[in-house]
Amino acid sequence: MRYRSRVTAPAAALIGTAAVLAGGNTAYADTDTKPGDTPGPETLGDPVFPALGNDGYRVGAYHLDFSYDPSTALVDATATLELRTTQALSRLSLDALGLDIGTVRVDGRTATFEQVDEKLRITPARPLPARARVTVCVTYTADPRRALAHTAWVPTADGFAICPQPDSAHTVFPCNDHPSDKADFTFRITVPAALRAVASGSLVCTENLAGDRTAYTYRSRSPIATELVQITVGDYVVKERRGPHGLPLRDVVPTARAEALEPALALTPGLVEWIEARLGAYPFETYGLLPCNSDDPNAFDFTGLETQTLTLYKPNYLLQAEPKIGSHMMHELVHSYFGNSVSPATWADLWLNEGHADFYGLLYRYERGWADSLGLTTFEARMKDTYARGDQWRRTSGPVAAPNAVNLFDSQRYLGGVLVLYALRQLIGEDAFHAVEGTFLARHRNSSASTEDYIALASHTSGQDVSGFLRDWLYGTTTPRMPGHPDWTVTPVTPSLTAPRRQAGVRWHENSATL
């Protein structure tokens, strides 16, 4: 996972783009609300990204149709959204940034639209009743190389990949860009025959088209949060193998690197087998790695990023020996369970993703006797070291479950989250802890869950009220005592140590202890 500061793009520039592309033929919606109008709220009230998402409807499915032209490096696209309204709507909005919108249709009828800040406001020809099934179709062009305040696009010499997390999917397609509104996805990507297109889910159709072009269609069997979508185009070969129980594994590998990367790719079946023994059957139809076809150190500001059914990696990282990469490969695989199958209800619940990924990634490392970045070789030793840092981290990065947009990906969400899980296991015992983990994943599979959901389930499953205990660990400004380790001490806070200042574009994301 990565860190990026968020800056809002100027609204006037976006409105102007829509007007030019409309050629003066599109009537724009009046932004003033008239008596009796019921425009949908343009937020889902996320505590970290309060402008993200839109209310008044939920998305059931996205159908994305992309056509990539290597001569211009542009993507012509159509996004078709199947919605269900939750209230009567005279206007609705989608998240969208940096997309040159051509047309918008609602249930087949031309709709008026405008782009303001990071919203695409849509006024249908007729108001939409509550609990109605609605189809919204948006045509647009995207430039993966366009400079934006933030972007999911990763341009490469032969195409692109995307990294939407946490709030940039709407630079790739108009959407309700929040993990609480998961939906089914179908992707159709048309590319020159010399290139390969791959997306989240399974390949269901390949079409040979005129002009020496090929269209690849992928479909997800499980709903996907917008921040977890992957679409990539380039000179790739798809390498297939079998995992435990015949699980189809597919890696999307730069053709020129396929042989060199094979030792890393061959580790996946063993990783899946290890995590299935602890968290149950892998939750999706396939898994694999996508070493992005770029050696540019600035191509993206992280080492690995979970996208559903594919983990995006810097290829050079995977050329290292197993002890250098195995722990982090486990971290990213664990996100298939915590983060993908069960998504965070809000971005304040990120510790559920990153704490669990580091927890099992570190267990995997220490079981194999691999020293971590501090030279430690046991889980207990690392937790003792983390415990000592607790009060300082709470001062500089806030409590574990109370991040903001600036410190969202600080170590507090990673190792701080691991420490919370370790404390819970110390309190209730290993068997009860495993029961909590399994029940949580089963209860919220293909959905999203909050910190409060985890707290309530931990109390119910363990048979003891751990709500106060977990809230102290997750929201307290000081580090509680560690069960079973009365001798562990917290290093006093150094007043001169304050939270480092972040700037847009500065990398501040590599806080996983598995690296």
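Residue numbers (the working numbering): -10 to 504.
Just so you know, even glycine gets a beta-carbon here, dropped at the ideal spot from N, CA and C.
**Request:** Could you tell me whether the region 90 to 99 touches the region 113 to 122, where touching means 3 or more Cβ pairs closer than 8 angstroms?
**Result:** Note that the region 90 to 99 touches the region 113 to 122; at least 3 beta-carbon pairs, one per stretch, sit closer than 8 angstroms.
**Request:** Quick one: measure Cβ to Cβ for residue 437 and residue 168, integer angstroms, because I've assumed they're closer than 8 angstroms.
**Result:** That belief holds up - the Cβ atoms of residue 437 and residue 168 are roughly 6 angstroms apart, short of 8 angstroms.
**Request:** Please name the residue in 468, 256, 280, 219 whose C-alpha comes closest to that of residue 244.
**Result:** 280
**Message:** At the level of alpha carbons, what is the spacing between residue 197 and residue 362?
**Reply:** 49 angstroms
**Request:** To the nearest angstrom, report how far apart residue 435 and residue 454 are at their CA atoms.
**Result:** 27 angstroms
**Prompt:** So, using beta-carbon positions, are residue 87 and residue 145 closer together than 8 angstroms?
**Reply:** Taking C-beta atoms as the reference points, residue 87 and residue 145 fail to come closer than 8 angstroms.
**Prompt:** What are the complete beta strand (DSSP E) segments, minimum 3 residues, inside the region 196 to 240?
**Reply:** 202 to 208, 220 to 223, 225 to 231
**Prompt:** DSSP state of residue 320, grouped into three classes?
**Reply:** helix
**Prompt:** Roughly how many angstroms separate the alpha carbons of residue 239 and residue 223, rounded to a whole number?
**Reply:** 16 angstroms
**Message:** Along the chain, where does the alpha helix (DSSP H) containing residue 355 start, and where does it finish?
**Reply:** 339 to 356
**For residue 28, the three-state DSSP class (helix, strand or coil)** = strand
**Message:** Just to confirm my understanding: we take residue 47, look at its own chain, exclude 5 residues before and 5 after, and list those with CB closer than 6 angstroms. What are they?
**Reply:** These residues qualify, in order along the chain: 73, 170.
**Request:** Would you give the residue range spanned by the beta strand (DSSP E) that residue 56 belongs to?
**Result:** 46 to 58
**Asked** Where DSSP assigns a beta bridge to residue 110, which residues make up the other side?
**Response** Residue 110 pairs with 82, 103.
**Request:** Return helix, strand or coil for residue 172, following the three-state DSSP convention.
**Result:** In the three-state reduction of the DSSP assignment, residue 172 falls in the strand class.
**Message:** Checking 8 angstroms against the spacing of the C-beta atoms, do residue 193 and residue 206 come in under that value?
**Reply:** yes
**Request:** Return helix, strand or coil for residue 413, following the three-state DSSP convention.
**Result:** helix
**Environment of residue 234 [buried if 16+ CB atoms lie within 10 Å]** = exposed
**At least three beta-carbon pairs within less than 8 angstroms, the region 381 to 393 to the region 455 to 469** = yes
**Request:** Measure the alpha-carbon distance for residue 227 versus residue 266 and round it to whole angstroms.
**Result:** 27 angstroms
**residue 309 burial status per 10 Å Cβ neighbour count (16 or more: buried)** = exposed
**Message:** The alpha helix (DSSP H) that contains residue 450, what's its start and end?
**Reply:** 440 to 451
**Rounded separation between residue 318 and residue 350 - CA only** = Going from the Cα of residue 318 to the Cα of residue 350 covers about 8 angstroms.
**Beta-carbon proximity check, residue 257 vs residue 293, cutoff 8 angstroms** = By the CB criterion at 8 angstroms, residue 257 and residue 293 fall outside the cutoff.
**Prompt:** Sorted by chain position, which residues of the same chain lie with C-beta nearer than 7 angstroms to residue 269's C-beta, five sequence neighbours on each side aside?
**Reply:** 427, 430
**Prompt:** How should residue 343 be labelled, buried or exposed, when 16 other C-beta atoms within 10 angstroms of its C-beta is the threshold for buried?
**Reply:** buried
**Prompt:** At which residues does the beta strand (DSSP E) containing residue 332 begin and terminate?
**Reply:** In the DSSP annotation of this structure, the continuous segment of the beta strand (DSSP E) that includes residue 332 starts and ends at 331 to 333.
**Asked** Is the Cβ-Cβ distance between residue 357 and residue 503 less than 8 angstroms?
**Response** For residue 357 and residue 503, no; Cβs fall outside 8 angstroms.
**Asked** Can you tell me where the alpha helix (DSSP H) with residue 464 in it begins and where it stops?
**Response** 456 to 464
**Request:** May I ask you to verify whether the region 323 to 335 touches the region 173 to 192, counting CB pairs closer than 8 angstroms and requiring at least 3?
**Result:** no
**Prompt:** Which same chain residues, not among the five before or five after residue 50, have their C-beta less than 6 angstroms away from its C-beta?
**Reply:** 71, 172, 173
**Item:** Assigned secondary structure, residue 129 (DSSP; H/G/I helix, E/B strand, else coil)
**Value:** The three-state secondary structure of residue 129, taken from DSSP, is strand.
**Prompt:** Is DSSP giving residue 501 helix, strand or coil here?
**Reply:** coil
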